[in-house]
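Numbering (my numbering), first residue to last: 4 to 45.
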């Protein structure tokens with residue numbers, strides 16, 4: 004099986020481009036309800 008490799012510049016696009024969320028006006032107006040995605044597996 005052949006694996007494709009990408010240069011490091013293409014592998015991490017989020018570090019280079021600023022994140023924009025056009026449909027969310029001000030994030031501080033929302034209340035954090037719970038944390039998602041960190042737990043135990045197994």
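Idealized CB from N, CA, C, for every residue including glycine. Remember, it's a predicted structure, so these values are computed and weren't measured experimentally.
Between residue i and the rest of its own chain, which residues show a CB-CB distance below 6 Å, the 5 nearest in sequence each way excluded?
i	result
residue 29	none
residue 32	none
Would DSSP call residue i helix, strand or coil?
i	result
residue 32	helix
Closer than 7 Å by C-beta to residue i: which residues in its own chain qualify, once you throw out the five before and the five after it? Chain order, please.
i	result
residue 26	none
Quick check: the Cα distance between residue i and residue j, rounded to an integer number of angstroms?
i	j	result
residue 40	residue 20	24 Å
residue 44	residue 37	19 Å
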